[in-house]
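Okay, so here's the structure we're looking at.
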Amino acid sequence: MQDYFRYFASPPDPPVWGLGLAASGFTTIPPKSPYPPAEHPENHALLWSRGRVIEALQVVMISAGEGVLETRPNRPTKIEAGMVFLLFPDAWHRYRPNPETGWVESWIEVCGPVVDALLPSGAFRSDPVLRHGVLETGIEETLNRIHVHVVADQPDDPAELAALAMQVLAQCARASAGASPVSNIQRAVHRAERYLSDHFSEPLQIESLVKIWGVSYSHFRRAFRTQTGYTPWGYVVHLRLTRARALMAASDSTLEDIASQTGFSSGFHLSSSFKKAYGMSPDPWRKDLAERSRSL
15 MQDYFRYFAS PPDPPVWGLG LAASGFTTIP PKSPYPPAEH PENHALLWSR
65 GRVIEALQVV MISAGEGVLE TRPNRPTKIE AGMVFLLFPD AWHRYRPNPE
115 TGWVESWIEV CGPVVDALLP SGAFRSDPVL RHGVLETGIE ETLNRIHVHV
165 VADQPDDPAE LAALAMQVLA QCARASAGAS PVSNIQRAVH RAERYLSDHF
215 SEPLQIESLV KIWGVSYSHF RRAFRTQTGY TPWGYVVHLR LTRARALMAA
265 SDSTLEDIAS QTGFSSGFHL SSSFKKAYGM SPDPWRKDLA ERSRSL
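Numbering of the sequence shown is given in this note's numbering, commencing with residue 15 and proceeding in unit increments.
Put into structure tokens, the structure is as follows:
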């Protein structure tokens, strides 16, 4: 991940999604380097001698190195790799890396009605430091998705950024509540969902994957169905059919072409799976869709 920070213009009205991404950044601070980096806006300047107060909620994750955080009325707290700390609106704070280690910080700043409702609700404990269960919640991955989106050379998507920011807050709330550790089976199901979502159109050997992940396939299959509502193979078929329907709706491609793009062995295989899932074959479904589009 490349170093960057970005502050977004504040909209005149509350975010339509209830939550807005006000700023984000990712920075590697080498040992014995000045902190913080220069060029942050004046209202976000952080001088150790006087601390800082900001109007929004910040979520800061330290993925390497160590340092210290001080908030009022709490005592200075040592921050280590794998921890997250929350900077609450209008609350004095200051923090910095240990000069001997530096650190890697990943952060977002959010505002809006959702934040205003969450803070007094007790979703986050008064201790701003999340020490345990952070990595298991997936906060680091979600923050990275935000960074990738922000630094990409494409127009901003407020809805997607708001959804990702909301996911970070939910993951922080889970870590703050001291959620139970994720079991090997749960972790395997999560990995399988991600893997199958990325590779559903390819030939798959799900049992072999599960064996690599070190869990029993019978236990995995049962847990997968409990968590997703599908058997593992049923989930693959669902993903393939969802993609096939999108291609049918957006193009005039033949069933054979669509089958080859979505992992089905043939147009006949696609058609029979489609009819079993939706109660009608692809050709009548396409005609019905076209007629409804013309009537709009």
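No residue lacks a Cβ here, since even glycine has one placed at the ideal position from N, Cα and C.
Three-state secondary structure (DSSP) at residue i?
{"i": "Leu101", "result": "strand"}
{"i": "Lys46", "result": "coil"}
{"i": "Thr41", "result": "strand"}
{"i": "Val129", "result": "helix"}
{"i": "Arg108", "result": "strand"}
{"i": "Arg66", "result": "strand"}
{"i": "Thr256", "result": "helix"}
{"i": "Val30", "result": "coil"}
{"i": "Tyr21", "result": "strand"}
{"i": "Glu216", "result": "coil"}
{"i": "Leu60", "result": "coil"}
{"i": "Val164", "result": "helix"}
{"i": "Val224", "result": "helix"}
{"i": "Val203", "result": "helix"}
{"i": "Asp302", "result": "helix"}
{"i": "Tyr244", "result": "coil"}
{"i": "Gly192", "result": "coil"}
{"i": "His283", "result": "helix"}
{"i": "Leu55", "result": "In the sequence on display, residue 55 carries Pro and not Leu. Pro55 falls in the coil class under three-state DSSP."}
{"i": "Gln181", "result": "helix"}
{"i": "Ser295", "result": "coil"}
{"i": "Pro172", "result": "helix"}
Here's the rule: buried if 16 or more other CB atoms are within 10 angstroms of the residue's CB, otherwise exposed. What is residue i?
{"i": "Ser311", "result": "Residue coverage of the chain in this structure runs from 15 to 310, which leaves residue 311 outside it and unanswerable."}
{"i": "His161", "result": "buried"}
{"i": "His146", "result": "exposed"}
{"i": "Val311", "result": "With the chain represented from 15 up to 310, any question about residue 311 goes unanswered, as that position is not in the structure."}
{"i": "Ala131", "result": "exposed"}
{"i": "Phe282", "result": "exposed"}
{"i": "Ser265", "result": "exposed"}
{"i": "Pro87", "result": "exposed"}
{"i": "Gly293", "result": "exposed"}
{"i": "Glu119", "result": "buried"}
Going by Cα to Cα distance, which pick from the options is closest to residue i?
{"i": "Gly248", "options": "Ser38, Lys290 and Thr268", "result": "Lys290"}
{"i": "Arg257", "options": "Leu144, Phe288, Thr245 and Lys225", "result": "Phe288"}
{"i": "Pro55", "options": "Arg20, Gly34 and Ser190", "result": "Arg20"}
{"i": "Ala237", "options": "Met262, Leu253, Val250 and Ala206", "result": "Ala206"}
{"i": "Ala52", "options": "Asp17, Val74 and Asp302", "result": "Asp17"}
{"i": "Pro29", "options": "Ser265, Leu175 and Val182", "result": "Leu175"}
{"i": "Val128", "options": "Arg259, Arg66, Ala184 and Ile153", "result": "Ala184"}
{"i": "Arg108", "options": "Pro45, Met180, Lys92 and Ala166", "result": "Lys92"}
{"i": "Phe214", "options": "Ser280, Ser197, Ser47 and Pro246", "result": "Pro246"}
{"i": "Gly96", "options": "Ala70, Glu154, Leu253 and Ser279", "result": "Glu154"}
{"i": "Trp106", "options": "Leu71, Asp297 and Ala173", "result": "Leu71"}
{"i": "Val124", "options": "Asp297, Leu61, Thr151 and Phe102", "result": "Phe102"}
{"i": "Val251", "options": "Gly277, Gly243, Ser232 and Leu61", "result": "Gly277"}
Identify the residues that DSSP records as bridge partners of residue i: which are they?
{"i": "Trp121", "result": "Gly39 and Val74"}
{"i": "Gly116", "result": "According to DSSP, which records beta bridges pairwise, Gly116 is partnered with nothing at all."}
{"i": "Lys92", "result": "Val82"}
{"i": "Val148", "result": "DSSP lists no partner for Val148."}
{"i": "Val143", "result": "Phe99"}
Taking 7 Å as the limit between beta carbons, can you name the residues of its chain near residue i, skipping five residues before and five after?
{"i": "Ile272", "result": "Ala258, Leu261, Met262 and Leu284"}
{"i": "Trp227", "result": "Ala202 and Arg205"}
Quick one: residues in its chain with C-beta nearer than 6 Å to the C-beta of residue i, no 5 flanking neighbours on either side, listed in chain order?
{"i": "Phe99", "result": "Val74, Leu83, Pro142 and Val143"}
{"i": "Asn198", "result": "Val229"}
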